[in-house]
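A.B. asks: Each residue of the sequence shown is one higher than the one before, counting from 21 in the working numbering. My structure is below; once you've seen it, I'll send some questions.
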Amino acid sequence: MTDTRDATAVDLAEVFGELAIDLEDAAGVEPTVGTVLEFAVAAFKCTDAGIVLVGPGGRKNLRVAEVTNPVVAELNQLQIDAGSGPLIEAAEGSEPVLVDDTRAESRWPGWAERAAGRGIGTVLHHPMLTKTRTIGVLSFYSADPGAFTAYDEALAQILCQHATVAVAYARNEETLAEALEARAVVGQAIGILMERHNLTERGAFSVLRRYSQDYNVKLRSIADQLISSRSLPPPAK
């Protein structure tokens with residue numbers, strides 16, 4: 021007779037195996053995040069889910085990346101704006117933060133009252149951790165108080181680990197693609213300046229860099245303007 025635990029383990033392996041394939045097929049951060057949230061709602065006992073990502077400024081720069089319900093976006097943004105709440109605690113720490121019953125939550129009374137009023141009973145915020153940094157928070161919402169068991173929390177951690185790897189990889193791919201595109205655009209702009217003003221490559225690059233510094237904009241932006249308008253902006257005063 022098959023052990024129930026063995027059967028469950030096999031089922032979980034298959035489910036997370038399918039998720040891994042779906043994440044591999046997702047191209048870019050936005051599709052990757054969407055795939056994770058679809059899986060979260062389908063596979064876990066949560067009503068809705070959301071992901072908040074850490075921006076270039078670090079943990080103090082959080083943005084709502086994707087949600088399955090506008091209520092989740094509202095509650096996440098409320099915490100970001102206030103700089104307080106279980107989401108913020110998860111983002112700034114290394115452990116998941118569980119609110120088992122919003123109606124009885126005393127640590128963040130204002131947020132808890134809003135959440136309960138929006139029909140949310142249980143919330144689990146799980147930090148998305150790499151070895152060196154936090155890249156975001158994966159949040160699980162349920163309409164029922166006390167919805168998540170210790171087993172559910174363990175599964176949420178596994179999903180969060182999959183999501184972290186996939187999102188980090190997608191971000192790196194997008195960053196590399198943007199860098200390569202910017203390099204090509206700057207190279208085209210340098211070519212225009214070299215031909216038009218009989219400059220060396222280094223000289224043309226110095227011109228672009230000076231305009232970039234004078235206007236306090238990225239080199240790519242100056243190059244884009246030169247390519248599109250065939251002229252540089254007037255010298256900064």
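For each residue, glycine too, the CB sits at the ideal point set by N, CA and C.
Name the one or two DSSP bridge partners that residue 83 has.
C.D. replies: DSSP, once it has assigned bridges, lists 73 as partnering residue 83.
A.B. asks: Could you tell me which residues DSSP puts in a beta bridge with residue 160?
C.D. replies: In the DSSP output, where bridge partners are listed per residue, residue 160 has 69 and 144.
A.B. asks: Can you give the Cα-Cα distance for residue 141 and residue 226, rounded to whole angstroms?
C.D. replies: Distance between the alpha carbons of residue 141 and residue 226 is about 59 Å.
A.B. asks: Cα separation between residue 86 and residue 93?
C.D. replies: Those two C-alpha atoms are separated by around 8 Å.
A.B. asks: How close, in whole Å, do the beta carbons of residue 160 and residue 60 come, if the pair is a contact with beta carbons under 8 Å?
C.D. replies: At roughly 6 Å, the Cβ-Cβ gap stays under 8 Å, so residue 160 and residue 60 are in contact.
A.B. asks: What would DSSP say about residue 117, mapped onto helix, strand or coil?
C.D. replies: Correct three-state label for residue 117: strand.
A.B. asks: Find out if the Cβ-Cβ distance for the pair residue 184, residue 149 is shorter than 9 Å.
C.D. replies: Yes, they are a contact pair.
A.B. asks: Looking at residue 107 and residue 96, is the spacing between their C-beta atoms short of 9 Å?
C.D. replies: Cβ atoms of residue 96 and residue 107: closer than 9 Å.
A.B. asks: Using 8 Å as the cut-off, can you tell me whether the segment 236-247 makes contact with the segment 196-208, which would need three or more C-beta pairs spanning the two stretches below that distance?
C.D. replies: Verdict: yes, contact present.
A.B. asks: Select from 157, 211 and 76 the residue whose C-alpha is nearest the C-alpha of residue 113.
C.D. replies: Looking at the Cα atoms, 157 is the closest of the given residues.
A.B. asks: Look at the alpha carbon of residue 129 and the alpha carbon of residue 252, and state the distance between them as a whole number of angstroms.
C.D. replies: Rounded to the nearest angstrom, the two C-alpha atoms are 55 Å apart.
A.B. asks: Verify the contact flag: residue 213, CB atom, against every heavy atom of the ligand ADP, threshold strictly below 8 Å.
C.D. replies: Although the ligand ADP was asked about, the structure shown includes no ligands whatsoever.
A.B. asks: Looking only at its own chain, which residues have a Cβ that is under 7 Å from the Cβ of residue 125, when we skip the five neighbours before and after it?
C.D. replies: 119 and 132.
A.B. asks: Output yes or no for whether 9 Å exceeds the beta carbon distance between residue 212 and residue 250.
C.D. replies: Against a cut-off of 9 Å, the Cβ pair of residue 250 and residue 212 comes out as a contact.
A.B. asks: Tell me where the alpha helix (DSSP H) around residue 130 begins and ends.
C.D. replies: Where residue 130 is concerned, the enclosing alpha helix (DSSP H) stretches over 129-137.
A.B. asks: Taking the beta carbon of residue 171 as the centre, do at least 16 other beta carbons fall within 10 Å, making it buried, or is it exposed?
C.D. replies: When all chains shown are included, residue 171 counts as exposed.
A.B. asks: For residue 48, tell me which candidate among 192, 164 and 69 has the shortest Cα-Cα distance.
C.D. replies: The candidate whose alpha carbon is nearest that of residue 48 is 192.
A.B. asks: How would you label residue 154, buried or exposed, when you count the other beta carbons within 10 angstroms and need 16 or more for buried?
C.D. replies: Flag for residue 154 reads buried.
A.B. asks: Does the beta-carbon of residue 68 have 16 or more other beta-carbons within 10 angstroms, so that it is buried, or is it exposed?
C.D. replies: Counting Cβ neighbours within 10 Å, residue 68 comes out buried, since at least 16 surround it.
A.B. asks: Using the Cα positions of residue 72 and residue 91, report the straight-line distance between them to the nearest angstrom.
C.D. replies: In a straight line, the C-alpha of residue 72 is about 14 Å away from that of residue 91.
A.B. asks: Do residue 102 and residue 82 have their CB atoms nearer than 9 Å?
C.D. replies: Their beta carbons are not under 9 Å apart, which means residue 102 does not touch residue 82 by this criterion.
A.B. asks: Got a sec, what are the start and stop residues for the alpha helix (DSSP H) residue 96 sits in?
C.D. replies: 90-102 is the span of the alpha helix (DSSP H), which, as asked, contains residue 96.
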